[in-house]
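One structure below.
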Amino acid sequence: MPHLDPDQLSLLALYDDWEDPAGREHLLACPQCAADYAALRRTVEAVKTTPDTSRLSVPGPQVWAGIHQELGLGESVREDPLAAGPPKEGGATPAATAAPGDAAPSNVVPMPARPEGARPEGARMKGAWWQRPGAWLATAAAAVLVVAGAVWAVNRPPQPRELAEAQLTPLAQHSAAGSAKVVSAADGSRSLEVSLDKDEAKGYQEVWLIAPDLSKLVSLGVMNSTSGTFQVPAGLDLSQYPVVDVSDEPMDGNPAHSTVSIARGTLTS
0 MPHLDPDQLS LLALYDDWED PAGREHLLAC PQCAADYAAL RRTVEAVKTT PDTSRLSVPG
60 PQVWAGIHQE LGLGESVRED PLAAGPPKEG GATPAATAAP GDAAPSNVVP MPARPEGARP
120 EGARMKGAWW QRPGAWLATA AAAVLVVAGA VWAVNRPPQP RELAEAQLTP LAQHSAAGSA
180 KVVSAADGSR SLEVSLDKDE AKGYQEVWLI APDLSKLVSL GVMNSTSGTF QVPAGLDLSQ
240 YPVVDVSDEP MDGNPAHSTV SIARGTLTS
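Numbering that gives the first Met the number 0 applies: residue 0 is where the sequence shown begins, and numbers increase by one.
See below:
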């Protein structure tokens with residue numbers, strides 16, 4: 000049974016009402032996808048929860064100034080995004096709550112009063128980013144994508160790995176050229192992938208692995224077109240058989256090499 004892809008899991012985790020009956024039915028039958036979905040839902044719920052802002056300390060303006068300078072940001076974002084907003088209506092300022100008998104020190108110059116409702120220069124009306132409408136959704140989506148990517152990386156099947164390759168050049172009167180490469184599968188098995196730009200065989204093409212001195216060889220099989228994939232025998236040392244050879248074999252029933260090679264090349268890692 001194929002698993003749900005990361006995009007499906009992300010949408011199902013982000014939106015409770017997402018229309019995907021087949022996907023939700025799959026979650027009921029597949030323990031692995033259900034576990035991945037549960038992990039994504041935990042991420043969404045964690046991000047949706049509004050932080051307790053009363054316990055958070057707001058950094059001073061010098062912090063944003065340092066960030067602004069370090070990143071080389073423009074003038075339009077020079078203002079501190081966490082600058083305090085104006086006092087609440089009816090709220091008392093520190094000066095207003097001073098005791099009647101308290102006198103200001105002689106070196107303090109009183110500030111002129113602001114008109115009621117005036118906004119202090121540099122103050123922002125917007126709340127912290129997590130208090131803005133839709134902020135949790137964007138954050139949750141980003142978090143879900145990160146988690147989904149991690150889930151995909153863990154569950155992704157091992158990919159084939161290229162071990163060696165060769166350029167096949169034409170021999171004698173032939174002009175066909177191409178390439179060959181040895182690929183290792185997840186289970187450790189190896190295969191030789193051969194490709195030529197044309198089929199010049201008068202009989203049929205056969206693919207071989209040959210020793211450098213041409214003293215011994217192993218047949219991998221018949222190539223019926225301009226390309227083919229052939230299983231490399233387990234335990235065969237490619238350093239002892241590095242030459243890839245495509246031969247033209249007559250229909251004579253003789254399993255030996257015809258000595259007529261169309262193209263040949265040496266594998267290198």
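We treat Cβ as the ideally placed atom computed from N, Cα and C, and that holds for glycine.
- By the neighbour-count criterion, in which 16 or more other beta carbons inside 10 Å mark a residue as buried, Ser246 falls on the buried side.
- Rounded to whole angstroms, Gly220 and Val193 show a C-alpha spacing of 11 Å.
- In the DSSP assignment, Pro169 is bridged to Ala262.
- Judged by beta-carbon spacing, Ala163 lies within the 8 Å limit of Leu266, meaning their Cβ atoms are closer than that value.
- Distance between Gln230 and Val182, taken at the CA atoms: about 10 Å.
- Closest by C-alpha distance to Glu248, out of Leu208, Leu237, Gly227 and Glu199, is Glu199.
- Residue Leu208 holds the alpha-carbon nearest to the alpha-carbon of Ser260 among Thr228, Asp186 and Leu208.
- A distance below 6 Å between beta-carbons, with the five flanking residues on each side excluded, links His2 to the following residues of its chain, in chain order: Cys32.
- Boundaries of the beta strand (DSSP E) around Val206: Tyr203 to Ile209.
- In the DSSP assignment, Ala64 falls within the alpha helix (DSSP H) that extends over Pro60 to Leu70.
- Residue range Ser226 to Val231 is occupied by the beta strand (DSSP E) that includes Gln230.
- In the DSSP secondary-structure assignment, Ser238 is not bridged to any residue.
- A check of alpha carbon separations from Thr258 across Ser214, Arg189, Tyr240 and Gly22 identifies Ser214 as the nearest.
- The three-state reading of DSSP puts Asp247 in strand, counting E and B together.
- The distance from the Cβ of Ala171 to that of Ala262 is about 10 Å, inconsistent with a contact at the 8 Å cut-off.
- Per DSSP, reduced to three states, the secondary structure at Glu164 is strand.
- If you draw a straight line from the Cα of Tyr14 to the Cα of Gly71, it comes to about 38 Å.
- Restricting attention to Asn223, Gly227, Gly202 and Pro241, the CA atom closest to the CA of Asp251 is found in Gly202.
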